[in-house]
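*Asks:*
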Amino acid sequence: MPALPRLVVLISGNGSNLQAILNACASGELPASVVCVISNKADAYGLVRAKNAGVEAIHFAKLATETRQEYDQRLADYVTNKQPDYIILAGWMRILSSAFLSSFPNKVINLHPALPDTFPGTHAIERAFEAYQRGEIDHTGVMVHIVPDEGVDNGPVLATEVVLIDKEDTLETLEARVHQTEHVLLVNTLRKILEEKVTRSY
Ligand code: GAR
């Protein structure tokens, strides 16, 4: 049996998308193995999720003495040692510089809770909900994309899914629906990428 593709997942918080990946790997829905979960935040609940799944869970803190580039290079070295096929940013809330990205061309995949070119950065769902309340939009969505450079939540799009906003929605119900959509889209997109990779290698 060939070895499963290796995923390194970077998180900063709750890790519900990490959980979707872990569940899909455990059930065989996603033929891959999460080899390491890295958080820039010590209290990220996703680290607990990783440990519960028997996966290496690391709090990778930026030292006060190091520059952003030095941190990114140290992180790149750590991740390189894990020999990942893909690095998944699942709620990783730090912009990665070329000191990290240049080590992994076309291998870093980001999830964002908005459609391309809308609401980049933090609080995307909240900002979409406010735009809906102002009558500017009637839907938002989620996307999965490659991270080529330091552009925030921007890069070649792998998949998108629209999420309609309803007049009955509160921020909480919209957030819940966006997250459910993310959990499915992220796993499905990763599966497709891994299938294509297998096809391409023949
Ligand atoms: C997700 O909604 C993800 O798309 C978002 O952070 C959340 C993490 O949730 N990422 C960004 O906003 C990136 N700009 P989770 O920790 O429960 O997976």
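At position 77 of the sequence shown the residue is numbered 555 (the working numbering), and the sequence of numbers has no breaks.
In this text, a Cβ means the ideal position worked out from N, Cα and C, and glycines have one as well.
1. Just the Cα atoms here: how many angstroms apart are residue 602 and residue 481?
2. Are three or more beta carbon pairs between the stretch 581-598 and the stretch 497-516 nearer than 8 Å?
3. For residue 533, tell me which candidate among 540, 541, 539 and 524 has the shortest Cα-Cα distance.
4. Whole-angstrom Cβ separation of residue 630 and residue 573, contact assumed at under 8 Å?
5. Would the beta-carbon of residue 562 be found less than 7 Å away from any heavy atom of the ligand GAR?
6. Please identify the residue among 542, 593 and 527 whose C-alpha is closest to the C-alpha of residue 536.
7. Is the stretch 632-652 close to the stretch 552-569, with three or more CB pairs under 8 Å?
8. Is it true that the CB of residue 579 sits closer than 8 Å to the CB of residue 625?
9. With a CB to CB cut of under 6 Å and the five nearest residues on each side skipped, what residues in its chain are close to residue 680?
10. Using DSSP's beta-bridge definition, name the partner residues of residue 434.
11. Assuming residue 666 and residue 623 form a contact by the criterion Cβ under 8 Å, report the distance between their Cβ atoms to the nearest whole angstrom.
12. Tell me residue 517's beta-bridge partners as DSSP assigns them.
13. For the stretch 515-522 against the stretch 484-496, do three or more pairs of beta-carbon atoms, one drawn from each stretch, fall closer than 8 Å, so that the two count as touching?
14. Taking Cβ to Cβ, would you say residue 568 is nearer than 8 Å to residue 551?
15. For residue 663, I'd like the list of residues in its chain whose CB is within less than 7 Å of its CB, leaving aside the five on either flank, ordered along the chain.
16. Under a Cβ-count criterion, where at least 16 other Cβ atoms within 10 Å of its own Cβ denotes burial, should residue 642 be classed as buried or exposed?
17. Are the CB atoms of residue 485 and residue 564 within a distance shorter than 8 Å?
*Replies:* Working from what's here:
1. 37 Å
2. no
3. 524
4. 6 Å
5. no
6. 527
7. no
8. yes
9. Low confidence applies to residue 680: its pLDDT is 45, below 50, so where it sits in the model is not reliable, and the reading given next is rough at best. For residue 680, where only same-chain residues beyond five positions count, there are no Cβ hits under 6 Å.
10. Nothing about residue 434 can be read from this structure; the chain reaches only from 479 to 680.
11. 14 Å between Cβ atoms; not a contact.
12. 489 and 537
13. yes
14. no
15. 620, 622, 637 and 639
16. exposed
17. yes
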